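There are 2 protein chains.
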Amino acid sequence: MLQIWALDGIREITPGDDLVGVILDAVDGPLRDGDIVVVTSKIVSKAEGRIIEAADREDAITRETVRLVASRTSPTGHVTRIVENPLGIVSAAAGVDASNTPEGTVLLLPVDPDASARALATGLRTATGAHVGVIITDTLGRAWREGQTDHAIGAGGIHVFEDLRGTVDAEGRPLVVTLPCVADEIAAATDLVKGKAARRPVAIVRGRADLVGDLDLPGARSIVRDPVRDMFRQGADEAYAEGFAAGRAAGA
Amino acid sequence: MLQIWALDGIREITPGDDLVGVILDAVDGPLRDGDIVVVTSKIVSKAEGRIIEAADREDAITRETVRLVASRTSPTGHVTRIVENPLGIVSAAAGVDASNTPEGTVLLLPVDPDASARALATGLRTATGAHVGVIITDTLGRAWREGQTDHAIGAGGIHVFEDLRGTVDAEGRPLVVTLPCVADEIAAATDLVKGKAARRPVAIVRGRADLVGDLDLPGARSIVRDPVRDMFRQGADEAYAEGFAAGRAAGA
Numbered sequence: 043m044l045q046i047w048a049l050d051g052i053r054e055i056t057p058g059d060d061l062v063g064v065i066l067d068a069v070d071g072p073l074r075d076g077d078i079v080v081v082t083s084k085i086v087s088k089a090e091g092r093i094i095e096a097a098d099r100e101d102a103i104t105r106e107t108v109r110l111v112a113s114r115t116s117p118t119g120h121v122t123r124i125v126e127n128p129l130g131i132v133s134a135a136a137g138v139d140a141s142n143t144p145e146g147t148v149l150l151l152p153v154d155p156d157a158s159a160r161a162l163a164t165g166l167r168t169a170t171g172a173h174v175g176v177i178i179t180d181t182l183g184r185a186w187r188e189g190q191t192d193h194a195i196g197a198g199g200i201h202v203f204e205d206l207r208g209t210v211d212a213e214g215r216p217l218v219v220t221l222p223c224v225a226d227e228i229a230a231a232t233d234l235v236k237g238k239a240a241r242r243p244v245a246i247v248r249g250r251a252d253l254v255g256d257l258d259l260p261g262a263r264s265i266v267r268d269p270v271r272d273m274f275r276q277g278a279d280e281a282y283a284e285g286f287a288a289g290r291a292a293g294a
Numbered sequence: 043m044l045q046i047w048a049l050d051g052i053r054e055i056t057p058g059d060d061l062v063g064v065i066l067d068a069v070d071g072p073l074r075d076g077d078i079v080v081v082t083s084k085i086v087s088k089a090e091g092r093i094i095e096a097a098d099r100e101d102a103i104t105r106e107t108v109r110l111v112a113s114r115t116s117p118t119g120h121v122t123r124i125v126e127n128p129l130g131i132v133s134a135a136a137g138v139d140a141s142n143t144p145e146g147t148v149l150l151l152p153v154d155p156d157a158s159a160r161a162l163a164t165g166l167r168t169a170t171g172a173h174v175g176v177i178i179t180d181t182l183g184r185a186w187r188e189g190q191t192d193h194a195i196g197a198g199g200i201h202v203f204e205d206l207r208g209t210v211d212a213e214g215r216p217l218v219v220t221l222p223c224v225a226d227e228i229a230a231a232t233d234l235v236k237g238k239a240a241r242r243p244v245a246i247v248r249g250r251a252d253l254v255g256d257l258d259l260p261g262a263r264s265i266v267r268d269p270v271r272d273m274f275r276q277g278a279d280e281a282y283a284e285g286f287a288a289g290r291a292a293g294a
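Order-wise, the sequence lines are chains A and U.
Counting in this note's numbering, the first sequence runs from 43 upward without gaps.
Counting in this note's numbering, the second sequence runs from 43 upward without gaps.
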C-alpha cells in the first residue's frame, strides 16, 4: 500500500527560510524510515532567494535559456519557446515562474536542485533520525502529449531509476530494456494531492522505502538525456530550416 | 490521503477472459464510489486476443507503424524507431510487446483502449454499484529524459485533465496555462505499486473521487497531441534531412 498526502499549513516562504524546520512544523506525525518527502521547486527557490525583479517574463526566459530547442508563433502572435535551461531540462519557459509570485517578479529554479534535495534529506535525517529521501519537482510539458505532469528536477537520498537489471519477466526472460523513472513517477503521483492552486507544496510518500538510499546516489540530473543522444534535441521546423539552408548552400 | 495498492492474485489472462470478473475476484474489499481502477494494457490486450504470431518483433512494429517519427542506428547496428501507432501515440516499438508473452508471439495494444476502459467501467459499475473510473496504461519513453514512465492510453468514466479554468493562484491571478494531465499522473503513480516484473497488472487508486465522472467524458485519445501542432512531430535528423533535400533542390 502506497500512501500519499500533502502537508497542510505550510506558510509563505521567504528568502533564508529553513525548509527543514518548515516541513517538520507541518508534518502531522513522525516521519518514518523510508518516507519520501516531495517538495515543489517553487518553495525551494523562494527559500534560496531565487526571486528576481523582471518587468518582462519573456526577458527572464531569454536569460535562463542555454539553448533554444524550438519555438512557434501562434496566429495571435504569442511565441511559445521550448528551451534548455542551465540544468539541462527542456521545457517551456526555462523554469521561469511568474505565477504565485508578487507582480513584477519571477521565480527562477534552484541553482542546483540535486544539492538542495541532498541538503534537505540530510537536514531531515539529522533532525528526525528517520532515513528519508527527498525529491524536488517542477511541472513540465511533454512532446506528443497535451498538458503537463510533475517531474523530478532534484533528488537526494533516493534512487531516481528502478534498477531492474537482473530481474526477469514472467517467462523468465531478462527485463533489459525497461528503466522505470520512479522519481518522475513519484513527482507525478504527488501532484495528485498537492494541487496547483492550493498552497500545499510538500507531500509525503510512504510505502516505497526500498527506493530510499545513500545521499551520494545520482540525482535528478541523471534523468536528463544528453542532447547528443536525443532524437528530439531540436524542433522539427528548426531542424528542417537548418537542413534547408545547408542543402541550398551545398546545391549552389 | 491518496491510497494506491496493487491487486494480488490476478491469474494469467487468455483471450475471451472477462476482466470485470477477474478484477472483482481479486479485489480485497468492496470497491467504493470514486475508486479508480488502473489496468495495465497488457492484460486488456490478452483478454481481447491481441496476441499475434510474429517470428520477428521488428516486422510487427513495422505493421503497427502509421508514421515513422524518428530512428537511430546504434554503433552495434541496432535500430531504434520512434513511431506513431494507430492510436496516435508516439513511442518506441509502436506498443508491440514481446515481453511476458510466449516465444514467437507479440502482443499488440487494444484496438480502442478508450472503448475498453469504458466497457470495464460500465461492467464494474453495474456489478458493484460503485461509481468507479478506469484507466488503461502503457509504459512509454519520453523526449529529453531517460527511462520510461507509465501513461494513460485508455480512460473511461474519468477526467483525464484537471480543469483549472476559473481557478486562481495564491495571488488571485487566473491559472490559465496549466492543464495537469491527471490520467498520466495516475498511471505513473500506479507503476510504483504494480511493478514490471511482478504479475500485478491492476491497481486501485482511492482518494480522488472528484476525478470520476460520466462514461461519455473524453478518453485518453484526447491526451494525444495532433502532430500538426506538435513541435516535435519529427526527429531532428529526419527533419534536417528533409530540409537539406528541399534546399538542394531549391538551390540547384
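Even glycine gets a Cβ: it sits at the ideal position worked out from N, Cα and C.
Nothing here was measured: the structure is a model prediction, and the numbers come from that model.
For U:L166, no CB of chain A lies under 8 Å from its own CB, so it is not counted at the interface with that chain. Our two residues, U:A291 and U:Y282, have alpha carbons roughly 14 Å apart in a direct line. Between U:T104 and the set U:A136, U:V79 and U:A161, the nearest pair of CA atoms involves U:A136. Taking the beta carbon of A:V86 as reference, no residue of chain U falls within 8 Å; the closest one sits roughly 16 Å away. Straight-line spacing of the CA atoms in U:G51 and U:L61 works out to 13 Å.
Of the candidates A:D180, A:C223, A:D192 and A:R187, the residue whose Cα lies closest to the Cα of U:R187 is A:C223. Runs of the beta strand (DSSP E) lying entirely within the region 176-250 of chain A and spanning at least 3 residues, in chain order: 190-198 and 244-248. If only uninterrupted alpha helix (DSSP H) runs of at least 4 residues are considered, those enclosed by the region 62-98 of chain U are 83-89. Taking the CA atoms as reference points, U:L162 sits about 33 Å from A:A251.
Between U:T143 and U:L150, the gap from beta carbon to beta carbon reaches 8 Å or more.
A:T104 has a beta carbon lying at 8 Å or more from every beta carbon in chain U. Within the same chain, and ignoring the five residues on either side of A:R123 in sequence, the residues whose Cβ sits closer than 6 Å to its Cβ are S113.
For U:D156 against U:G91, the beta-carbon gap comes to about 18 Å, at or over 8 Å, which does not count as contact.
Per DSSP, A:T170 is one residue of the alpha helix (DSSP H) stretching across P155 to T170. Contacts with chain U at 8 Å (Cβ-Cβ) do not include A:P260.
In this structure, U:L221 sits near A:G189, with a CB-CB distance shorter than 8 Å.
Shown here for A:G261: same chain residues with a beta carbon closer than 6 Å to its own, the five before and five after excluded, namely D156 and A197 in chain order. Bridge partners of A:E126 according to DSSP: A:R109 and A:V132. Taken through DSSP and simplified to helix, strand or coil, A:L253 comes out as helix. Non-local beta-carbon contacts of U:E95 in its own chain, meaning distances under 7 Å to residues more than five positions away in sequence, involve G146 and T147 in chain order. For U:E95, no Cβ of chain A is located within less than 8 Å of the residue's own Cβ.
For A:G189, a Cβ of chain U is located within less than 8 Å of the residue's own Cβ. Only W47 from the region 47-71 of chain A bring a Cβ to less than 7 Å from some Cβ of chain U. A:G171 counts as exposed, since fewer than 16 other beta carbons sit within 10 angstroms of its beta carbon. The continuous alpha helix (DSSP H) containing U:A291 extends over residues A278 to G293. Annotation: Cβ neighbours of U:E227 in chain A (cutoff 8 Å, chain order): T191, D192, A230, A231, D233 and L234. Taken through DSSP and simplified to helix, strand or coil, U:D101 comes out as helix.
For U:R263, no chain A residue has a C-beta closer than 9 Å to its own C-beta; the minimum C-beta separation is roughly 11 Å. Secondary structure note for A:I46: its beta strand (DSSP E) is the uninterrupted segment L44 to A48.
At least one beta carbon of chain A lies nearer than 8 Å to the beta carbon of U:T220. Under the three-state reduction of DSSP, U:V266 is assigned to strand. At least one CB of chain U lies nearer than 8 Å to the CB of A:V266. U:T179 is positioned such that its CB atom lies closer than 8 Å to that of U:S83. Secondary structure of U:R53 (DSSP, three-state): coil.
Per DSSP, the beta bridge partners of U:L149 are U:I93 and U:D139.
Short of 6 Å from the beta carbon of A:V176, and not among the five residues preceding or following it, lie these beta carbons of its own chain, in chain order: V79, A159, L162, A163 and G198.
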